[in-house]
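Q: Let me begin by handing over the structure; questions about it come next.
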Amino acid sequence: MTLTSIDRINIAIDGPAGAGKSTVARKVAAALNYVYVDTGAMYRAVALHALRNGIKPSQASELQALVEAIDLKLVPTPEGQKILLHNEDVTELIRSREVTAQVSHYASDEHVRKKLGDMQRLLAKHKGIVMDGRDIGTHVLPDAELKIFLTASVEERALRRYRELTESNYIPLEQLEAEIAARDRLDETRDIAPLIQAEDALLLDSSDMSIDEVVAFIVKLGNTKLMGVSE
Ligand code: DC
15 MTLTSIDRIN IAIDGPAGAG KSTVARKVAA ALNYVYVDTG AMYRAVALHA LRNGIKPSQA
75 SELQALVEAI DLKLVPTPEG QKILLHNEDV TELIRSREVT AQVSHYASDE HVRKKLGDMQ
135 RLLAKHKGIV MDGRDIGTHV LPDAELKIFL TASVEERALR RYRELTESNY IPLEQLEAEI
195 AARDRLDETR DIAPLIQAED ALLLDSSDMS IDEVVAFIVK LGNTKLMGVS E
């Protein structure tokens with residue numbers, strides 16, 4: 015038996031909304047000196063662009079034309095990933111309630127998924143990427159060396175969002191729970207690349223774990239993969 019060390023790996027982190035994927039993925043990337051790619055932000059930018067252009071999720075050919083011509087750039091910065099839509103910084107705008115409420119509908123479109131999936135594969139070509147999303151381990155990077163399916167109960171995910179709210183954007187906890195459950199349903203039941211755990215992904219329930227515990231666990235697994243064992 016020999017130890018073969020490899021330089022860099024790709025890490026796929028999938029899971030439902032609010033499981034802590036983006037915070038965890040960003041911290042894992044920082045710890046390994048890798049680049050973090052937030053694929054949800056890409057779907058959000060498409061949704062924002064379509065909403066601004068008055069294109070509904072059901073208008074398949076208009077949506078296809080829009081996504082074919084889209085200019086989307088991900089810029090890693092020390093504060094996190096910035097997203098540029100036709101050179102406009104939309105990092106904050108894509109987090110609006112309207113985009114959040116509509117994005118799952120746009121993310122079900124096959125042309126949107128094809129275009130963004132291709133962009134994501136290109137970004138990961140040279141490895142050293144931590145990518146979070148819903149279909150990274152199953153469809154985008156099926157060969158990723160490490161796949162994590164990060165989840166937490168609906169109640170816990172709603173509570174985490176609730177704690178982040180301020181007086182000006184207050185939403186009752188029950189409403190947050192209902193919205194998260196509805197988004198899970200849409201993501202899990204769509205025809206193309208639904209949210210599902212890859213067979214070779216490790217299931218991690220973060221309900222009773224802190225962010226730092228989850229990060230440390232994944233970094234340790236990543237380092238183990240880097241020191242791969244072969245016959
Ligand atoms: O992770 P998020 O909440 O920012 O994702 C926004 C939406 O995009 C979410 O409803 C699911 C969708 N999405 C997807 O379908 N596939 C991905 N790889 C990432 C996100």
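Count along the sequence shown from 1, then add 14; that gives the number in the numbering used here. Built from N, CA and C at the ideal position, the CB exists for glycine as well.
Are there three or more Cβ pairs, one per stretch, closer than 8 Å when the segment 61 to 76 is compared with the segment 188 to 207?
A: no
Q: Suppose only complete runs of 4+ residues qualify. What are the alpha helix (DSSP H) ranges in the segment 161 to 202, listed by chain order?
A: Runs of the alpha helix (DSSP H) inside the segment 161 to 202: 168 to 178.
Q: Determine the DSSP secondary structure at Tyr48, reduced to helix, strand or coil.
A: coil
Q: Once DSSP output is grouped into helix, strand and coil, what is the label at Asn237?
A: helix
Q: Helix, strand or coil for Thr105? Go by DSSP, reduced to three states.
A: coil
Q: Answer yes if the segment 27 to 40 comes into contact with the segment 166 to 181, meaning at least three C-beta pairs across the two stretches below 8 Å, and no otherwise.
A: In short, these stretches touch, since the Cβ pair count reaches three.
Q: Could you compute how far the alpha carbon of Asp157 sits from the alpha carbon of Gly151?
A: 8 Å
Q: Are Ala26 and Val229 closer than 8 Å when you measure CB to CB?
A: Going by C-beta atoms, Ala26 is not nearer than 8 Å to Val229.
Q: In the DSSP assignment, find the alpha helix (DSSP H) that holds Gly68 and state where it starts and stops.
A: Note, Gly68: premise wrong, no alpha helix (DSSP H); not H, not E.
Q: Would you say Ala43 and Ile97 are within 8 Å of each other, going by their C-beta atoms?
A: no
Q: Exposed or buried, what is Ala83 when buried is set at 16 or more other beta-carbons lying within 10 Å of its beta-carbon?
A: exposed
Q: In terms of alpha-carbon separation, which member of His125, Ile194, Lys139 lies closest to Glu246?
A: This structure gives no information on residue 246, because the portion of the chain shown stretches from 15 to 245.
Q: Given the structure, does Ala192 come close to the ligand DC, in the sense that its CB is under 7 Å from one of the ligand's heavy atoms?
A: no
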